[in-house]
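2 protein chains.
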Amino acid sequence: MLHAVIVRCPHAHARVRAVDTSQAERMPGVRAVFTGTTPEAALAWRFGEPSSPFKQSSFLFDPHCRYAGDEVAAVAAETLQEAAEAARAVRVEYEVLPFVIDPRQALRPDAVSLHPDGNRVGEPLVWERGRLEDGFASADVVLEESYSTPCVIHTTLETHGCVAQWDGQRVTVWESTQGVWEVQEDLAAVLGLPRSSVRVICRYIGGGFGSKYRLDKHTLIAVLLARRTARPVKLCLSREESFLCVGNRPSAQMRLKAGLTRKGVLTALQLVNLGVPGAYPDDTDVGYLVWDLYRCPNVRIEETSVMINAGKSRAMRAPGFPQCAWALEQMIDALAEKIGMDPIELRLANAKDFLYRRNETPRLTSTALDRCLREGARAFGWAEARRRPRAEGHLRRGVGVAAGMWPNPGGPPGSAIVKLHADGSVNLNIGTTDIGTGTKTVMAMIVSEEMGVPLEAIQIEYADTATTQYAKVSGGSQTVITTGPAVREAALEVKRQLLELAAEELKVPAAELDLRDGQVVHAGGAGEPRPLSKLQALGQRQVLIGVGQRRPNPPGAQGLPFVAQFAEVEVDTRTGEVRLSRFLAAHDSGRVMNRLTYENQVFGGIAMGLGLGLTERRVLDRHTGRALSASWHDYKIPTALDVPGEMECLPVDPHDTECNNLGAKGLGEPATIPTAAAIANAVYHATGIRFTEAPITPMDVLRRLAERR
Amino acid sequence: MLHAVIVRCPHAHARVRAVDTSQAERMPGVRAVFTGTTPEAALAWRFGEPSSPFKQSSFLFDPHCRYAGDEVAAVAAETLQEAAEAARAVRVEYEVLPFVIDPRQALRPDAVSLHPDGNRVGEPLVWERGRLEDGFASADVVLEESYSTPCVIHTTLETHGCVAQWDGQRVTVWESTQGVWEVQEDLAAVLGLPRSSVRVICRYIGGGFGSKYRLDKHTLIAVLLARRTARPVKLCLSREESFLCVGNRPSAQMRLKAGLTRKGVLTALQLVNLGVPGAYPDDTDVGYLVWDLYRCPNVRIEETSVMINAGKSRAMRAPGFPQCAWALEQMIDALAEKIGMDPIELRLANAKDFLYRRNETPRLTSTALDRCLREGARAFGWAEARRRPRAEGHLRRGVGVAAGMWPNPGGPPGSAIVKLHADGSVNLNIGTTDIGTGTKTVMAMIVSEEMGVPLEAIQIEYADTATTQYAKVSGGSQTVITTGPAVREAALEVKRQLLELAAEELKVPAAELDLRDGQVVHAGGAGEPRPLSKLQALGQRQVLIGVGQRRPNPPGAQGLPFVAQFAEVEVDTRTGEVRLSRFLAAHDSGRVMNRLTYENQVFGGIAMGLGLGLTERRVLDRHTGRALSASWHDYKIPTALDVPGEMECLPVDPHDTECNNLGAKGLGEPATIPTAAAIANAVYHATGIRFTEAPITPMDVLRRLAERR
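Chains G and A are the protein sequences, given in the same order.
If you read the first sequence in this note's numbering, its first letter stands for residue 1, the second for the next number, and so on.
If you read the second sequence in this note's numbering, its first letter stands for residue 1001, the second for the next number, and so on.
Pasting the structure below:
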């Protein structure tokens, strides 16, 4: 196996004049050096999904480098050290260009242009319903405020990487990815190969959060180097590269205006957002929560997206939602205060049980936002906490709440196969990547419960485009609710076949038989249980196969998850530090499939929201345009010492029997959507100061406290 | 990964008194040394299938060593060299016992006993129909003769070997095997694990011929060493071990008596055989062809099996059949001469179209033995060749014929899954090992033809118990006829689904649509073809899945393959050498699935039969009991210079539409069944000398020629 290293542009904006690889090529162990002029690497590159509206392309090694980190060349060598040394020996002659990293500046007509069509990503997107003016006219209270959230990084514990190997005309890629099928589709398209000739496997993945969603340049580079050298090639990005080059949550600059009656009825919402995808186009829209979290007849949202000379953004856990919650849920808090209503009551007053769509209002199969708010408040001790004294020496205490939803009900396509062996053990075959959220545990439990097979007799084959079944990407809180129902159907199908065989052999109607503890049992409890391994008909068949499909959702209805989160903070007026002392997350994600993995998802979401609210942001050097925060030393994510000592997860299960055959709804995204906003509301409750720019740093707190004094 | 080496007993018969591993354990790189007293290696071992009647067991490292090669200890070390050196440093104290290698001596009551129950493998097996005495009484000619075939070795080009790796409670074994499912079943049973926790994969196999059929001791040793060391362990046998320890075709000593009328009607056949399975029990029966190749009302077969101190036998390409053909087909030749009939005519006169079974005579769905004989004779120029002068200087020329059949019609269970991607490419999923016979080629062709998908868009996943579908062992000429029909059914099922989707989208009845060249076409030729990749409904589904099953054979009928082979030899009366100058194999194996792989199977079978007839035999040293022929230097298999310069394959296809949905019948075994007998008949025709002991060596020829002079 060879090891590969990528040569990246050190300038925020530059043009490659020439690349001299002669010295690198002569170095020990070097087997290939690719540049923009290497014939097989001269490939057009388009970011995003094939269906994405962002057609703007670069090349695999584009001579126009648009951020400090863009790919310029790559080296494959016998060892990682040899590859790294040869990469350093590649001589690149750059024409350094002026750069722009401020989005407002990038919008100016005289700004440096990153792409032939300019820096704007298309025209601004406008979504509208009702008549905004009427809404504001009928309001008793109108508030308007600017909010912003920073660019934050996914910071996956495992960096991006792959191993690529060719066997004749077929390539196999072991990839750290959330979606083997997406990587397969993209790779087949760019290589011009049948999909069946591109095998993508993901055994394990150390975190993705949306940054390992589709094909990346580094993977294509590894694949091409492997073809050239006829050797397997391993290419794993460095920690620094993982901060610079593989995605982030785009910053949002939001202006939100809201109208409310004295009785607490929302009459109008207007959001204008400027999103920043970095040097290449990406979806930076944030408005969905404004559109659909609350009942509101008059809404207008305007989204503008502008490119700057910085690393590209990418889907990140609930793309757009934590940003929008930061604005909307702080605004709701301010509105409630304005009319003297409890913020929970104001939210309850505007909750709804349908969705706003272009020509329809699909019903929700269940919605327990109200229960999340009420039961969460009760468990958190909301009323008492709101009344408690807020000052104690140099500390200020406060509590806050914020709500959220996530609009993905899951759905087809998706398949699963259950293979029952003659000894009663099972291989479950699903194409889903387990991104660390316990997918394999949950799927095995579904099979175990339906088939009465002990968990230890179930093995799962997963995330291999060659040998497992199609599944959507593990992201968007859709894994359990898309693959799970197919798994259940497959298990039920094998059970049906098995009971049919057993009925014939035991001379008992199938309807009177059931499966339990690896045995065929008589439903009434009569008769001797028959272990599956003793069932002759099964031994003759050797294996039974059941195929399950993800069936469509009920027509005109969707099952969506809701959340209300409650934060208690302690603000140190001497240091400006905000400590999250207590947190409760009340979630309507339908049935709890596994309590442990459920809670871990929620706690992880809280930690991530805490980072957005208090500690994380990408910092670009205004003198060079380079990222100053490209390591865990310079970029602060919450650690075990930062998360609340008391962190509680309260599942609220509305017993939804309609959303899908599991009664489960998504969980991964809701867990992080309102967290930062809940913290900001708690800080306001503690200090009386509204922090509208995330993160709320000790410096900001001290400055605002000083300003007030 | 560690490497393992097995310590083997150097004595033909011995008892292990003590094993001292202290020195070996101290050697560099050594990670584990296992002996018979190692707790986890103290496992009972039973040779053969779980359903085998041979219950006689040994232990994994049995203190009673029954042949020079029995397993005594094993070492795992960082390198193969370190393991081999440590294996040599294991000190074993043996009590050397008297040995027996002559089967007649082994039958004596005072013989050294290999097992507590003695050396006989059970009671002699007798199969009988009609009344033998009546048969002989009504015969005009009765002949009786002794025949023998030697013990020959499989000599797979790749030796036996595996890599074993544990992951928690699950073990994965990459094995050079004909049957991943059999190895899984055996390994799960001996380890007490669910089958799903034992994953067996065979990527490639360099020859098996029956010797890589089920779990072997070396594999279990690797698995246990891997568990102990928590490291992957590779254990590949040496060439010498592959000659000594992993199987051979048992020798047969046959006495055959036959009765015939003057008109050429067989009236009685009596066979007595003494088979020798080596040091452990195995199936050594040979009588099947006597029982069922020809119509004969009175038959008696008696099979005795006796163990000696030598390496154990194992299924080898058409187990028992080449031995029996050696006797029967020479006897038919002699009978024909006796009544002055052409040997082909005598065979035709006794051909039949049914099978003799206990209480029934199942019909053959097709039988073209007659066409094999007639068309083969015509193509070979039989009549002219029989008349040609036989002597030319020191050379004697002759031609001979022999026939055969193989009683495996294939059948359930067996499954296959076809997965069609949105771009029209296909993954075919089968659990079958391709043992080098072109299974993957043939299966891909089936899918390609049924679905109109180009071959290069089809990838096959195979021989992995975790991710592929159950399949019978690749052996017994059953692979194409057992897996193939399931593959065809799966392809047809996906085609059905696809045409249904296409019908809806194109607003054309499904019955009017077909698939061709990756497109949906209108059966009548009207309308625009639609590439599969442009079918929206397929894009939405992403993947279609079709499951196919091997359906049962027609009731009361079987589709079996037949063969007639024609040999021309040149006997050098000065050197005694027999040169096979010309060979023609006429096969009724039903439909030719692929001409190239068909011919290669046949030519390989001929080469193997040539070895049995002329060059191969295991030689045991009567002074030590050790095998003297444990290398390719000392054991002579035919090379490219030994096979006939003119070798022709004549497929005879009876267009059997009933045997299975492919019309195909087995081929691998028939190809080698009559070869040696045809050569012996040709030698008789050339020299007038009947050689009844295989192989016919130059020494034998010279001796017999001298005797005649």
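Cβ atoms here follow ideal geometry from the backbone N, Cα and C, with glycine treated the same way.
Here's a check: name, in chain order, each residue in its chain whose Cβ is nearer than 8 Å to the Cβ of residue i, leaving out the five neighbours to either side.
{"i": "alanine 374/G", "result": "The residue asked about is misnamed: residue 374/G is arginine in this sequence, not alanine. Ile344 and Leu348."}
{"i": "threonine 1615/A", "result": "Lys1636, Ile1637, Pro1638, Asp1642, Pro1695 and Thr1697"}
{"i": "leucine 1705/A", "result": "Thr1573, Gly1576, Thr1687 and Ile1689"}
{"i": "proline 454/G", "result": "Ser448, Asp517 and Gly518"}
{"i": "glycine 556/G", "result": "Glu360, Pro362 and Arg363"}
Give the single residue among the options whose Cα lies nearest to the Cα of residue i.
{"i": "glutamate 528/G", "options": "Leu506/G, Glu303/G, Glu392/G and Ser57/G", "result": "Leu506/G"}
{"i": "serine 113/G", "options": "Thr35/G, Ala14/G and Glu25/G", "result": "Ala14/G"}
{"i": "aspartate 117/G", "options": "Ser474/G, Met307/G, Val223/G and Ala391/G", "result": "Met307/G"}
{"i": "alanine 1076/A", "options": "Glu1568/A, Leu1293/A, Cys1236/A and Ala1664/A", "result": "Cys1236/A"}
{"i": "proline 1063/A", "options": "Ala1018/A, Ala1087/A and Gly1029/A", "result": "Ala1018/A"}
{"i": "glutamate 1570/A", "options": "Leu1620/A, Phe1603/A, Val1701/A and Val1090/A", "result": "Val1701/A"}
{"i": "arginine 541/G", "options": "Gly1476/A, Gln1549/A, Arg1386/A and Ile1545/A", "result": "Gln1549/A"}
{"i": "threonine 482/G", "options": "Val96/G, Cys162/G, Val200/G and Asn660/G", "result": "Asn660/G"}
{"i": "methionine 405/G", "options": "Ala318/G, Leu420/G and Ala68/G", "result": "Ala318/G"}
{"i": "alanine 1627/A", "options": "Arg1031/A, Arg1046/A, Ala1471/A and Ile1101/A", "result": "Ile1101/A"}
{"i": "glutamate 95/G", "options": "Cys65/G, Val141/G and Val121/G", "result": "Cys65/G"}
{"i": "glutamine 1184/A", "options": "Ala1491/A, Ala1466/A, Val1602/A and Gly1605/A", "result": "Ala1466/A"}
{"i": "isoleucine 201/G", "options": "Asn594/G, Asp464/G, Ile679/G and Leu515/G", "result": "Asp464/G"}
{"i": "lysine 312/G", "options": "Phe354/G, Gly259/G, Arg358/G and Arg249/G", "result": "Arg249/G"}
{"i": "glutamate 1139/A", "options": "Arg1262/A, Ala1491/A, Pro1124/A and Ala1457/A", "result": "Checking the sequence, you will find alanine at residue 1139/A rather than glutamate. Of the listed residues, the one whose Cα sits closest to alanine 1139/A is Arg1262/A."}
{"i": "aspartate 1634/A", "options": "Thr1021/A, Val1152/A and Val1401/A", "result": "Val1152/A"}
Quick one: what's residue i bridged to in DSSP?
{"i": "tryptophan 1174/A", "result": "Val1163/A and Ile1201/A"}
{"i": "tryptophan 127/G", "result": "Ile301/G"}
{"i": "proline 1651/A", "result": "His1587/A"}
{"i": "glutamate 570/G", "result": "Arg397/G and Arg579/G"}
{"i": "lysine 1257/A", "result": "Glu1144/A and Gln1270/A"}
{"i": "isoleucine 1696/A", "result": "Bridge partners of isoleucine 1696/A: none, in fact."}
{"i": "glutamate 1392/A", "result": "Leu1395/A"}
Which same chain residues end up closer than 7 Å to residue i when comparing Cβ atoms and leaving out the 5 residues on each side of it in sequence?
{"i": "glutamine 469/G", "result": "Ser415, Ala416, Ile417, Asn429, Ile430 and Gly431"}
{"i": "glycine 1663/A", "result": "Gly1590, Arg1591, His1655, Asp1656 and Thr1657"}
{"i": "methionine 699/G", "result": "Gly576"}
{"i": "arginine 1396/A", "result": "Arg1390, Val1571, Thr1573, Ala1686 and Thr1687"}
What whole-angstrom Cβ distance do residue i and residue j have, given they're in contact under 8 Å?
{"i": "leucine 650/G", "j": "proline 561/G", "result": "The Cβ separation is near 14 Å, so there is no contact."}
{"i": "proline 1409/A", "j": "glycine 1559/A", "result": "5 Å"}
{"i": "arginine 1255/A", "j": "serine 1176/A", "result": "Not really, about 38 Å apart at Cβ, beyond 8 Å."}
{"i": "phenylalanine 1099/A", "j": "alanine 1012/A", "result": "4 Å"}
{"i": "glutamate 669/G", "j": "serine 477/G", "result": "5 Å"}
Can you list, in chain order, the residues of its chain with a C-beta nearer than 6 Å to that of residue i? Leave out the 5 residues immediately preceding and following it.
{"i": "aspartate 1333/A", "result": "Pro1343 and Asn1681"}
{"i": "aspartate 1070/A", "result": "Cys1009"}
{"i": "glycine 1192/A", "result": "none"}
{"i": "asparagine 1553/A", "result": "Pro1409 and Gly1411"}
{"i": "glutamate 648/G", "result": "Leu584"}
{"i": "glutamate 144/G", "result": "Lys257"}
Beta strand (DSSP E) runs contained entirely in the stretch 1049 to 1126 of chain A, provided each spans 3 or more residues: DSSP runs (the beta strand (DSSP E)) wholly in the stretch 1049 to 1126 of chain A: 1057 to 1059, 1071 to 1077 and 1091 to 1096.
Go through the stretch 1412 to 1487 of chain A residue by residue and report every complete run of the beta strand (DSSP E) that reaches 3 residues or more, in order. You should have 1415 to 1421, 1426 to 1430 and 1458 to 1462.
Curious, which full-length beta strand (DSSP E) runs of at least 3 residues does the stretch 1577 to 1601 of chain A contain? The DSSP assignment places complete beta strand (DSSP E) segments of no fewer than 3 residues inside the stretch 1577 to 1601 of chain A at 1578 to 1588, in order along the chain.
Just list the beta strand (DSSP E) runs in the stretch 196 to 252 of chain G, keeping only unbroken ones of 3 residues or longer that don't cross its boundaries, in chain order. The stretch 196 to 252 of chain G contains these whole beta strand (DSSP E) runs: 198 to 201 and 233 to 236.
Runs of beta strand (DSSP E) wholly within the stretch 607 to 687 of chain G (minimum 3 residues, chain order): With a minimum length of 3 residues, the unbroken runs of beta strand (DSSP E) contained wholly in the stretch 607 to 687 of chain G fall at 646 to 651.
Scan the stretch 340 to 381 of chain G and note each continuous alpha helix (DSSP H) run of 4 residues or more that stays entirely inside, going in chain order. Within the stretch 340 to 381 of chain G, the complete alpha helix (DSSP H) runs of at least 4 residues are 343 to 350 and 369 to 380.
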